[in-house]
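K.L.:
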Amino acid sequence: MYRDAILKKFDPRLDNILFILHELQDNNPQHYLANADIEKCADYLNIPYSYVHGVVTFYSMFSLKPRGRYIIRLCDSPPCHLMGSESLLDYLKKKLKVDVGKTTADGVFTLEITSCLGICGVAPALMMNEEMIGNLTPERVDTVLEERRQTS
Amino acid sequence: MNIVRNHVLISIDAGTLMSGARAVEDALVKEIVKQGLDKEVSVLETGSIGITGRGVILVVYPEGIYYADVTPDDVPELVEEHLLKGRPLTRLILTETPKRTIITKEKTGLLKEQPRIVLKNCGFIDPENIDEYIAAGGYEGIAKVLQTMTSEDVVAEIKSSGLLGRGGAGFPTGMKWDFAIKTPGDEKFVICNADEGEPGTFKDRLILEGDPHKLIEGMLIAGYAIHGTRGFVYIRGEYSLSIERIEKAILDARAYGLLGKNILESNFSFDIVVMKGAGAYVCGEETALIESLEGKRGHPRNKPPFPINAGLWGKPTLVNNVETLANISEIIRNGAEWYKGYGTEKCSGTKVFTILGHVATPGLVETEMGTTLKDIIFEYGGGIKNGKTFKGALVGGAAGAFLGPDMLNVKMDFVNLKEYSAALGSGAILVMNEDTDMVDMLKSVLHFFKHESCGHCVPCRLGTARLVELIDDIAASKAKKEDIDQLLEITRVMKDSSFCPLGQSVTLPVSSALKYFKNEFMSRVTS
Ligand SMILES: Cc1cc2nc3c(=O)[nH]c(=O)nc-3n(C[C@H](O)[C@H](O)[C@H](O)COP(=O)(O)O)c2cc1C
Ligand code: SF4
Ligand code: FES
């Protein structure tokens, strides 16, 4: 099982929990922490399921719901807001036909909003999985979405 | 032997990668080979050079010419014109920014000298090459400390430098180290706070990406000074390139005997590991960060005890910001007196600011403490974009203060800004032009706080929710005048009764927005 292989990379110490959860989520085909992920982690660290669940819900990078192949995290903190993130959010919602926190019908994109990503020099900005994308305009959003759609 | 005639530096950071820096680099290397210039021209990678939003940036030496927005399609022309024929390609030259970079200053001697202490190597050396760091004087600080100084000497030197912590609060670093050295303990830890979540702040990321060894050296010196045994770099989960670079730097430093047992054959042993956050602004608060490091939800702890007495796993723990630690090696190498030659009497040294919003050239600037807001915006930020006028700035991040046009001449340092009920905070300067709706900006700030309140204590959890309701109504012109008073009242209560500084700090943006832009709020409400 791939999950056991992930766990084996880390010592079973509580301070490794965020590393473990990151890896489990990154390797889950639906980019989220499933019950099975949380159970595995709890067993490995010898802590209650509820504890792991509590940690997962605290951090915004973790999700308890299945997500699309590409997770769009649009920043809405003040610098990006000033540079137009709000209208981009409307644009993205319309374009993808989803609300914040939801996944497109074809399972390709999940739309999320996030606090500052530390790339506000190129605001408005978003993260698409591991990639940072800035200087966003509706046209640029179109291109980026189109590229991703084709590769999936 | 080959004599390299030109060096082409390509800036590789999260921003330029986003703009396709790798493709430009590949094209450049290929084209140089194709033109038969590969013996004469070398292409080097470097970290950010402090300019963002201008695509892929190249610098060609010895001329010191900057090119911006370079695409792979431009490369053949650029190589042919500049590198083959020696005629700089004017259409791509970056004209508006050279004041930002000491490199240009050194090469041309034209511009007023700008100190570079923290960013000295950023954009100048290859951050993935430890030898380049060493060649630039790196690890001399730790060598000096190990050979000639006691722990007490180091603490005394840092104290006398007047360095104030750059994580936002401006706490004297030397004093913190002094507490740490005096706290008994068989094990002591040094944590570098690289959680950088204050909106508008990305200086720590660029230090980590551009000069990771400098941080390691700072942590080593801190470790030696406080009799520390282990170090941790807590980096926010989104900063993949920072994590990659610091992890590589740690491996290289270990291989050189600069980390691990008996460093440089001394009695001092110290090692560093990297920890990755998972998205929570409050985890930048030092006790929440420690909880998170221990593998818990990132709720802040009660203070006292302070981390310096009982921190990670209950042991004495020193927490310092990335930029604070990046100052250390230079202070040790050059001495406290030298350091005090920069900045103001009460705030020595430099500050790395991030300038963004409606400015011509957003990015990073290192300048002396006490530089005026006006100079930062107009000299280094290139002024307001598109010929508009300045309306205000949000200084210090979301937990910072709004400033109006009459504050342009304010000197930017920790002590001075406090006198104006503002704060330097993380050094983020969000510039807003005449068209900006200030009510809308405060709304965005308050939504940020609501989203990031960890929910641990009632005043902040309920307070931020109520603030958002009120500001949404005001912004939608559905509120009464009393609602504005209520905004202020709630933040006052939160200031007095919130458990941690997150809830306590909301008062700053709210009261300052109302101080400078009250009319705008009044025009949205009925009396
Ligand atoms: C809500 C909140 C967020 C913070 N975020 C950061 C941060 O991202 N980076 C940082 O260095 N300090 C942050 N701080 C300040 C830290 O608690 C701490 O004071 C700092 O890391 C100490 O380092 P220094 O003495 O070098 O400034 C934050 C504080 C609060 C209350
Ligand atoms: S003030 Fe806010 S962030 Fe701080 S402990 Fe209370 S709820 Fe959490
Ligand atoms: S505010 Fe959006 S990336 Fe910083």
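Protein chains in written order, with this note's numbering: chain A, 1 to 152; chain B, 1 to 527. Even for Gly, the Cβ is constructed at its ideal location relative to N, Cα and C. In this text, all values refer to a predicted model and were calculated from it rather than measured experimentally.
Spell out a yes or no on whether the segment 163-181 of chain B and the segment 236-255 of chain B are touching, meaning 3 or more CB-CB pairs, one atom from each, closer than 8 Å.
P.N.:
Between the segment 163-181 of chain B and the segment 236-255 of chain B there are fewer than three C-beta pairs closer than 8 Å, too few to call the two in contact.
K.L.:
Please return the same chain residues whose Cβ sits closer than 8 Å to the Cβ of Gly123(B), not counting the five positions on each side in sequence.
P.N.:
Within the second sequence, the letter at position 123 stands for residue 123(B). Same-chain partners within the cutoff: Leu9, Ser11, Thr46, Gly47, Ser48, Ile49, Gly50, Val59, Thr101, Ile103, Gly210.
K.L.:
What ranges does the beta strand (DSSP E) occupy inside the segment 148-202 of chain B, keeping only unbroken runs of at least 3 residues that lie completely in it?
P.N.:
189-194
K.L.:
Could you list which residues in chain B have their beta carbon closer than 8 Å to that of Gln77(A), in chain order?
P.N.:
The residue given as residue 77(A) occupies position 77 in the first sequence. Looking at the sequence shown, residue 77(A) is not Gln but Ser. What Ser77(A) touches in chain B: Pro199, Gly200, Ala398, Ser444, Phe448.
K.L.:
Take Val29(B) and list the residues in its own chain whose beta-carbon comes closer than 6 Å to its own, dropping the five residues that flank it on each side.
P.N.:
Walking along the second sequence from the start, residue 29(B) turns up at place 29. So the qualifying residues of the chain are Val43.
K.L.:
Give the range of the alpha helix (DSSP H) segment to which Asp13(B) is assigned.
P.N.:
For the purposes of this step, residue 13(B) is identified with residue 13 of the second sequence, where counting begins at 1. Taken as a continuous stretch (DSSP letters only), Asp13(B) belongs to no alpha helix (DSSP H), as it is neither H nor E.
K.L.:
In terms of alpha-carbon separation, which member of Pro199(B), Tyr133(B), Ile158(B), Ala393(B) lies closest to Val145(B)?
P.N.:
Along the second sequence, one-based indexing puts residue 145(B) at 145. It is Ile158(B) whose Cα lies nearest to the Cα of Val145(B).
K.L.:
Determine contact between the segment 470-490 of chain B and the segment 438-455 of chain B, defined as no fewer than three beta-carbon pairs at a distance below 8 Å.
P.N.:
yes
K.L.:
Relative to the C-alpha of Ala428(B), which candidate in Ala398(B), His456(B), Pro405(B), Glu419(B) has its C-alpha closest?
P.N.:
Working through the second sequence from its first residue, we reach residue 428(B) at position 428. Checked all of Ala398(B), His456(B), Pro405(B), Glu419(B); the closest Cα to Ala428(B) is Ala398(B).
K.L.:
With Arg91(B) as the anchor, note down where its beta strand (DSSP E) starts and where it stops.
P.N.:
Residue mapping note: residue 91(B) aligns to position 91 of the second sequence, counting from 1. Run containing Arg91(B): none; DSSP gives neither H nor E here.
K.L.:
In this structure, what does DSSP give as the bridge partners for Ser348(B)?
P.N.:
Along the second sequence, read from residue 1 onward, the residue named residue 348(B) stands at position 348. Paired residues: Gly343(B).
K.L.:
Roughly how many angstroms separate the alpha carbons of Glu106(B) and Leu89(B), rounded to a whole number?
P.N.:
In the second sequence, counting from the first residue as 1, residue 106(B) sits at position 106. In the second sequence, counting from the first residue as 1, residue 89(B) sits at position 89. Because Glu106(B) sits at a pLDDT of 34, beneath the cut-off of 50, its placement in the model cannot be relied upon, and the following sentence gives the value as read from the coordinates. Distance between the alpha carbons of Glu106(B) and Leu89(B) is about 22 Å.
K.L.:
Taking a cut of 7 Å between CB atoms, which residues from the segment 406-435 of chain B lie near chain A?
P.N.:
Leu430, Met432
K.L.:
Would you say Val415(B) and Lys346(B) are within 8 Å of each other, going by their C-beta atoms?
P.N.:
Position 415 of the second sequence holds residue 415(B). Position 346 of the second sequence holds residue 346(B). One thing to note: Val415(B) has its Cβ within 8 Å of the Cβ of Lys346(B).
K.L.:
Does DSSP classify Gly284(B) as helix, strand or coil?
P.N.:
Here residue 284(B) refers to the residue found at position 284 when the second sequence is read from its first residue. Residue state, collapsed to three classes: helix.
K.L.:
Strictly by DSSP, which residues pair up with His7(B)?
P.N.:
If you number the second sequence from 1, residue 7(B) lands on position 7. DSSP lists Ser42(B), Tyr61(B) as partners of His7(B).
K.L.:
Taking His456(B) as the query, report the chain A residues whose CB atoms sit under 7 Å from its CB, ordered along the chain.
P.N.:
As a working mapping, residue 456(B) is identified with position 456 in the second sequence. In chain order: nothing, as chain A lies at least about 10 Å away.
K.L.:
Can you list, in chain order, the stretches of the alpha helix (DSSP H) that have 4 or more residues and sit fully within the segment 16-67 of chain A?
P.N.:
17-27, 35-45, 49-58
K.L.:
Please list, in chain order, the chain A residues whose beta carbon lies closer than 9 Å to that of Met438(B).
P.N.:
As a first step, residue 438(B) must be located in the second sequence, where it is residue number 438. Those within 9 Å of Met438(B) in chain A number zero; the least Cβ separation is about 11 Å.
K.L.:
Looking only at its chain, what residues have a beta carbon closer than 8 Å to the beta carbon of Lys480(B), apart from the 5 residues adjacent to it on each side?
P.N.:
Looking up residue 480(B) in the second sequence gives position 480. So the qualifying residues of the chain are Val525, Thr526, Ser527.
K.L.:
From Gly343(B) to Asn327(B), what does the alpha carbon distance come to, in whole angstroms?
P.N.:
As a working note, residue 343(B) is residue 343 in the second sequence. As a working note, residue 327(B) is residue 327 in the second sequence. The straight-line gap from Cα to Cα measures roughly 13 Å.
K.L.:
Please specify which runs of the beta strand (DSSP E), each continuous and at least 3 residues long, are wholly inside the segment 225-278 of chain B, giving them in chain order.
P.N.:
230-235, 271-276
K.L.:
Against chain A, does Glu452(B) count as a neighbour if the rule is that its beta carbon must be under 8 Å from one of theirs?
P.N.:
Translated into positions along the second sequence, residue 452(B) becomes position 452. Interface residue, yes.
K.L.:
Can you confirm whether Leu394(B), when its beta carbon is compared against all beta carbons of chain A, has any partner nearer than 8 Å?
P.N.:
Here residue 394(B) refers to the residue found at position 394 of the second sequence. Yes, Leu394(B) lies at the interface with chain A (some Cβ there is under 8 Å from its Cβ).
K.L.:
Can you list, in chain order, the residues of its chain with a C-beta nearer than 6 Å to that of Thr507(B)? Leave out the 5 residues immediately preceding and following it.
P.N.:
Counting from one through the second sequence, the residue named residue 507(B) turns up at place 507. The residues are Thr491, Lys495.
K.L.:
Please classify Asp160(A) as buried or exposed, where buried requires at least 16 other C-beta atoms within 10 Å of its C-beta.
P.N.:
Here chain A covers residues 1 to 152 and nothing more, so residue 160(A) does not appear.
K.L.:
What span of residues does the alpha helix (DSSP H) with Leu92(A) cover, start to end?
P.N.:
Indexing the first sequence from 1 puts residue 92(A) at position 92. That run of the alpha helix (DSSP H) goes 85-96.
K.L.:
State buried or exposed for Lys39(B), treating a residue as buried only when at least 16 other CB atoms are found within 10 Å of its CB.
P.N.:
Your numbering for residue 39(B) matches position 39 in the second sequence. By the neighbour-count rule (16 or more Cβ atoms within 10 Å), Lys39(B) is not buried but exposed.
K.L.:
Measuring alpha carbon to alpha carbon, tell me which residue in Cys457(B), Asp13(B), Thr201(B), Asn321(B) is nearest Gly400(B).
P.N.:
Along the second sequence, one-based indexing puts residue 400(B) at 400. That would be Thr201(B), whose Cα lies nearest to the Cα of Gly400(B).
K.L.:
Please go through the same chain and pick out, in chain order, the residues whose beta-carbon is closer than 8 Å to the beta-carbon of Arg87(B), but skip the five residues on each side of it.
P.N.:
Against the second sequence, residue 87(B) aligns to sequence position 87. Cβ within range, chain order: Glu81.
K.L.:
Counting only C-beta atoms, is Ser240(B) closer than 8 Å to chain A at any point?
P.N.:
In the second sequence, counting from the first residue as 1, residue 240(B) sits at position 240. Ser240(B) counts as touching chain A.
K.L.:
So, are the CB atoms of Ile142(B) and Gly349(B) less than 8 Å apart?
P.N.:
As a working mapping, residue 142(B) is identified with position 142 in the second sequence. As a working mapping, residue 349(B) is identified with position 349 in the second sequence. Not in contact: Ile142(B) and Gly349(B) (Cβ atoms no closer than 8 Å).
K.L.:
Please classify His81(A): is it buried, with 16 or more other beta-carbons within 10 angstroms of its beta-carbon, or exposed?
P.N.:
As a working mapping, residue 81(A) is identified with position 81 in the first sequence. Result: buried.
K.L.:
In chain B, what lies closer than 8 Å to Met128(A) by C-beta?
P.N.:
As a first step, residue 128(A) must be located in the first sequence, where it is residue number 128. Correct list: empty, because the minimum Cβ distance to chain B is about 10 Å.
K.L.:
Quick one: using the 10 Å Cβ neighbour count with 16 as the cut-off for buried, is Gly257(B) buried or exposed?
P.N.:
Taking the second sequence and counting its residues from 1, one reaches residue 257(B) at position 257. Taking all protein chains shown into account, Gly257(B) has fewer than 16 neighbouring C-beta atoms within 10 Å of its C-beta and is therefore exposed.
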